[in-house]
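Colleague: Sequence order for the protein chains is G and W. Last residue of the first sequence? That's 585 in the numbering used here, and every number before it is there in order. Last residue of the second sequence? That's 134 in the numbering used here, and every number before it is there in order. Ideal Cβ placement from N, Cα and C applies to all residues, glycine included.
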Amino acid sequence: MDRLAEMEKEQKRWENTTLKKWMEKHPEREISSELPKQRLYTLQDIANLDYLRDLGFPGEYPYTRGLNPTGYRSRLWHIAESSGFGTPEDTNKRWKYLIDQGQDGVSLSCDLPTQLGYDPDDPLAEGQVGVVGGSCPSLKEVETMFDGIPMDKIRIRGSTCHPHIVLYSMIMTAAEKKGTPRDRLTMVVNSDVLNEYVSRHNYIFPPEGALRLTLDFMEYGMKHLQKTSYLLGTGYTVAEAGTTIVQAAAIMVATAFAYIERGLERGIPIDEIASRAGFNIHVGTSFFEEIAKFRALRRLWARLMKEKFGAKRETSLQFRFGPGTGGSLLTAQQPQNNIVRVSIAALAAILGGAHFLHTSSFDEAYSIPTEESASLAIRTQHVIAYETGVVDVIDPLGGSYYVEALTDQIENEILDYLKKIEARGGIIKAIESGWIQSEIAQSAYLKQRDIESGKQVVVGVNKFVSDEEPVFKIHRSDPNVAHDMRERVTKLKKERDNNAAKRCLAALERAATGRDNLVPFVLEAVRNYATMGEICGVLRGVFGEYRPPSC
Amino acid sequence: MRRIRVLLAKSGLDGHDRGVKVLMMGLRDEGMEVIYTGLRQTPEQIVATALEEDVDVLGLSSLSGGHNIFFPKMIDMLREKGMDNVLIIGGGIIPEEDVQFLKKKGVSTIFGPGTSIKKIADYIRNHVRR
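(1) For the structure I just gave you, are there three or more beta carbon pairs, one from the region 560-570 of chain G and one from the region 30-39 of chain W, closer than 8 Å?
(2) What alpha helix (DSSP H) runs, 4 residues minimum, are completely inside the region 451-480 of chain G?
(3) In chain W, which residues lie less than 8 Å from I508(G) when you measure between Cβ atoms?
(4) Output the distance between the C-alpha atoms of K55(G) and E42(G), rounded to the nearest integer angstrom.
(5) The beta strand (DSSP E) spanning R9(W) covers which residue range?
(6) Looking at the unbroken alpha helix (DSSP H) that takes in I238(G), where does it start and where does it end?
(7) Smallest Cα separation from L539(G): which of R561(G), T524(G), K528(G)?
(8) In terms of alpha-carbon separation, which member of P61(G), V424(G), Q149(G) lies closest to T194(G)?
(9) Return yes when the C-beta of D186(G) is under 7 Å from any heavy atom of the ligand FMN, and no when it is not.
(10) Can you tell me the Cα-Cα spacing of L101(G) and G94(W), whole angstroms?
(11) Can you list, in chain order, the residues of its chain whose CB lies under 7 Å from that of V280(G), leaving out five sequence neighbours each side?
(12) Give me the Cα-Cα distance between D442(G) and A330(G), rounded to the nearest whole angstrom.
(13) Who does Y264(G) pair with in a DSSP beta bridge?
(14) Does any CB atom of chain W fall closer than 8 Å to the CB of Y400(G)?
(15) How long is the line joining the alpha carbons of L67(W) and G267(G), rounded to whole angstroms?
(16) Consult DSSP for R189(G) and reduce its assignment to one of helix, strand or coil.
(17) Report the residue from W129(G), P171(G), Q368(G) whose alpha carbon sits nearest the alpha carbon of F180(G).
(18) Based on DSSP bridge pairs, tell me the residues matched to S65(W).
(19) So S141(G) is in the beta strand (DSSP E); what residue range does that whole segment cover?
(20) Would you kindly report the start and end of the unbroken alpha helix (DSSP H) that includes P122(G)?
(21) Using a Cβ-Cβ cut-off of less than 8 Å, list which residues of the region 20-32 of chain W approach chain G; keep chain order.
(22) Tell me whether the beta-carbon of E274(G) lies closer than 8 Å to the beta-carbon of S309(G).
(23) What does DSSP give as the partner residue(s) for F115(W) in the beta ladder?
(24) Expressed to the nearest angstrom, what Euclidean distance is found between the alpha-carbon atoms of L526(G) and G269(G)?
(25) Report the neighbours of D18(W) on chain G: residues whose CB is nearer than 7 Å to its CB, in chain order.
(26) For a contact meaning CB atoms closer than 7 Å, what does Q367(G) contact in chain W?
(27) Alpha helix (DSSP H) containing F577(G): first to last residue?
(28) Taking three-plus beta-carbon pairs below 8 Å as touching, is the region 401-420 of chain G in contact with the region 371-388 of chain G?
(29) Along the region 461-482 of chain G, what residues have a CB closer than 7 Å to any CB found in chain A?
(30) As a quick exercise: from I307(G), V222(G), E177(G), pick the residue whose alpha carbon is nearest that of A208(G).
(31) The beta strand (DSSP E) with V38(W) in it runs from where to where?
(32) Quick one, which of D512(G), G118(G), E579(G), A559(G) has its alpha-carbon nearest N72(W)'s?
(33) Is the separation between the beta-carbon of L142(G) and that of Y435(G) shorter than 8 Å?
(34) Taking Cβ-Cβ distances below 9 Å as the criterion, which residues of the region 366-388 of chain G are in contact with chain W?
(35) Is the Cβ of A275(G) closer than 8 Å to any Cβ of chain W?
(36) What first and last residue would you give for the beta strand (DSSP E) that runs through P554(G)?
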């Protein structure tokens, strides 16, 4: 009898004897899980696995086991905590502190007015200047943020999305003034403008305008910014909005396709686009599902880049990703439990082969991190890196019956969901029709129902609750920041060459109505201290403002 | 007996609406009529909608720290329009020390992260003024 047939026979015997007898006294509880799971996985569940076809060796197609041949044995992942708040001096101080604690780059969180293209003195900015991130209305603020930080030696990231052309132009100009030419900067750009319409809603422009800015920046980068990469998918924010693991992954891949297709329409070769692509993704505490998801995405991406787009360069086929541990996992109740949640999610990210990792601070259900809680988030990564040994073996869960079966299962589910998006005309049409938004809202509601029914346990919230009020220091935003930043903008507008600024804004407006690449125009405007609000105001005038479909 | 009418609103630039959308669906399942304003509403727009829709409850969501400015502003405007009977509740990321300040300004209660839909629905039923 062949090996598999014998396994099947023996498993049936086990189920009918040992297992059955045991379950008479020890019935199983109801298993609550996003993806159906078996009690046990065996050789049978990976009977169709072909090692060379489906896994390969690290650093070789289809990259399931990792993108580089030594895993973490040559170098670890990048620690990249998002941070920023208050004045540029506040952000600069926090960045220096985090770099001192072991972070090897900066990931700029801007406040909402900056992210949405409003200056601190705009009435719409009231109450929000410097609160959730750093206030960054002009080149002056970026220069201050990077004061004393060697821009040529660190990775620079930022989550600002729709106006990233402005923010990164400020970063490039600030760097040049400090003696670092733009092609020596290692920047990671949040290019995924489409996801803003369906997740955290930090949109400004309608899709066509936003895509024009994104592609202009990418096209410029391909000629002038050799060390810059582009996050073409943000699974993180859609997952935070309430999707399932599969939905987040599929939406992320579908949006990446949209940018690729636009890039190809502009005549940019696939290998130029794909070889600079990266992904910002979510990692939660569904431990094995998360690990399998990363492996599935590596394989799926490699295959799709090759078969769908004909990419040939090795770097084009590689799914580079940087997860952030999910903020929505953090509870206000018993907040120190969050340290454990973040540790588990971080471990899943590393076992999944992440290239950079943001770990949440335990107090983020209350406010943005303090120095202490941000430092602890970095130490979480350090303990994994230096005390567990998991970094010494490449893809250590490879070959696990469960993890391989789950990798296949998740890959197939992602491909199925991608087909659903395609059937609706692709991601842009699926967003315009409101379908994606309703899918996300539905998933979020079902998750809430599962928590309220107790089907999904959240420790400290619906089980093991306590009345004890947590006592710890939280970050408080400084109410003087808004006034300070408004005064700075007023002063800037007095001291700059206003004629030059006006001329640049007029030139930008003319260019925006045409087809020229807008980056040089934005660079010129930024160099002459036109503000974020002024530049985005011009672009709003040309592209319009996005109006979401009604709820 | 008419169903309880709830307006859920987000003001300011904050675009995180997972909670408010889940609550909208949940309160509808609890038998209430729920209108959601959508994002980036000014206090003036929210108050105008509350008036127009003749709501019994105004639920304000804030995750980006603007609550100490926006919530009192809306409450003052509602009072100016004679809508003193509207039950005002809030939710989102609002530190405990701000909760007391907001209650003094007229917010009935604040529901923090982890609150169940049932708890909010029961609170509304027990405290709605008409």
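Modeller: Put simply:
(1) Output reads no: the region 30-39 of chain W does not touch the region 560-570 of chain G.
(2) Runs of the alpha helix (DSSP H) inside the region 451-480 of chain G: 461-466.
(3) Walking along the first sequence from the start, residue 508(G) turns up at place 474. By Cβ distance, chain W contributes P99.
(4) Within the first sequence, the letter at position 21 stands for residue 55(G). Within the first sequence, the letter at position 8 stands for residue 42(G). Taking the straight line joining both Cα atoms gives about 19 Å.
(5) Taking the first residue of the second sequence as position 1, residue 9(W) is located at position 5. Per DSSP, R9(W) is one residue of the beta strand (DSSP E) stretching across 9-14.
(6) Taking the first residue of the first sequence as position 1, residue 238(G) is located at position 204. DSSP places I238(G) outside any alpha helix (DSSP H), giving it a letter other than H or E.
(7) Locating residue 539(G) in the first sequence gives position 505, counting from the first residue. A check of alpha carbon separations from L539(G) across R561(G), T524(G), K528(G) identifies R561(G) as the nearest.
(8) If you number the first sequence from 1, residue 194(G) lands on position 160. The shortest C-alpha separation from T194(G) is found at Q149(G).
(9) Summarising the ligand content, the structure contains no ligands, and the ligand FMN is consequently not present.
(10) To locate residue 101(G), count along the first sequence from 1; it is residue 67. To locate residue 94(W), count along the second sequence from 1; it is residue 90. Looking at the two C-alpha atoms, the distance is approximately 47 Å.
(11) Numbered from 1 along the first sequence, position 246 holds the residue referred to as residue 280(G). Contacts found: I444, E447, I448, Y451.
(12) For this step, residue 442(G) is matched to residue 408 along the first sequence. For this step, residue 330(G) is matched to residue 296 along the first sequence. When rounded, the distance between both Cα atoms is 7 Å.
(13) Here residue 264(G) is taken as the residue at index 230 of the first sequence, counted from 1. Answer by DSSP bridge pairing, in chain order: V223(G), A311(G).
(14) Numbered from its first residue, the first sequence carries residue 400(G) at position 366. Answer yes: the Cβ-Cβ gap between Y400(G) and chain W drops below 8 Å somewhere.
(15) Locating residue 67(W) in the second sequence gives position 63, where the first residue counts as 1. Locating residue 267(G) in the first sequence gives position 233, where the first residue counts as 1. Their backbone Cα atoms lie some 24 Å apart in a straight line.
(16) The residue labelled residue 189(G) in the question sits at position 155 within the first sequence. If DSSP states are grouped into helix, strand and coil, R189(G) belongs with the strands.
(17) Against the first sequence, residue 180(G) aligns to sequence position 146. Of W129(G), P171(G), Q368(G), the residue nearest in Cα terms is W129(G).
(18) Here residue 65(W) refers to the residue found at position 61 when the second sequence is read from its first residue. Note: S65(W) sits in a beta bridge opposite K14(W), G95(W).
(19) Stepping through the first sequence from its first residue, residue 141(G) is reached at position 107. For S141(G), the enclosing beta strand (DSSP E) stretches over residues 139-142.
(20) Locating residue 122(G) in the first sequence gives position 88, counting from the first residue. Secondary structure note for P122(G): its alpha helix (DSSP H) is the uninterrupted segment 122-134.
(21) Under the 8 Å Cβ criterion, the region 20-32 of chain W contributes H20, D21, R22, K25, V26, M28, M29, G30.
(22) For the purposes of this step, residue 274(G) is taken as residue 240 along the first sequence, with counting starting at 1. For the purposes of this step, residue 309(G) is taken as residue 275 along the first sequence, with counting starting at 1. Not closer than 8 Å, so no.
(23) Here residue 115(W) is taken as the residue at index 111 of the second sequence, counted from 1. As DSSP reads the structure, F115(W) sits in a beta bridge with G95(W).
(24) Sequence index remark: in the first sequence, residue 526(G) carries index 492 (1-based). Sequence index remark: in the first sequence, residue 269(G) carries index 235 (1-based). Their backbone Cα atoms lie some 38 Å apart in a straight line.
(25) Locating residue 18(W) in the second sequence gives position 14, where the first residue counts as 1. Under the 7 Å cutoff, chain G gives L146.
(26) For this step, residue 367(G) is matched to residue 333 along the first sequence. For Q367(G), the C-beta contacts it makes with chain W under 7 Å involve G118, in order along the chain.
(27) Position 543 of the first sequence, counted from the start, is the residue given in the question as residue 577(G). First-last of the alpha helix (DSSP H) with F577(G): 566-577.
(28) With three or more CB-CB distances shorter than 8 Å, the region 401-420 of chain G counts as touching the region 371-388 of chain G.
(29) Here the protein chains are G and W, and chain A is not one of them.
(30) Residue numbering aside, residue 208(G) sits at position 174 when the first sequence is read from its first letter. Each of I307(G), V222(G), E177(G) was checked against the Cα of A208(G), and the nearest Cα belongs to E177(G).
(31) Reading the second sequence from its first residue, position 34 is the one you call residue 38(W). Residues 37-40.
(32) The count along the second sequence starts at 1 and reaches residue 72(W) at position 68. N72(W) has its Cα closest to that of D512(G), out of D512(G), G118(G), E579(G), A559(G).
(33) In the first sequence, residue 142(G) corresponds to position 108, counting from 1. In the first sequence, residue 435(G) corresponds to position 401, counting from 1. Against a cut-off of 8 Å, the Cβ pair of Y435(G) and L142(G) comes out as no contact.
(34) Cβ contacts with chain W: A366, Q367.
(35) The residue labelled residue 275(G) in the question sits at position 241 within the first sequence. Taking a beta-carbon distance threshold of 8 Å, A275(G) counts as an interface residue toward chain W.
(36) Position 520 of the first sequence, counted from the first residue, corresponds to residue 554(G). No beta strand (DSSP E) holds P554(G); the alpha helix (DSSP H) holding it covers 553-561.
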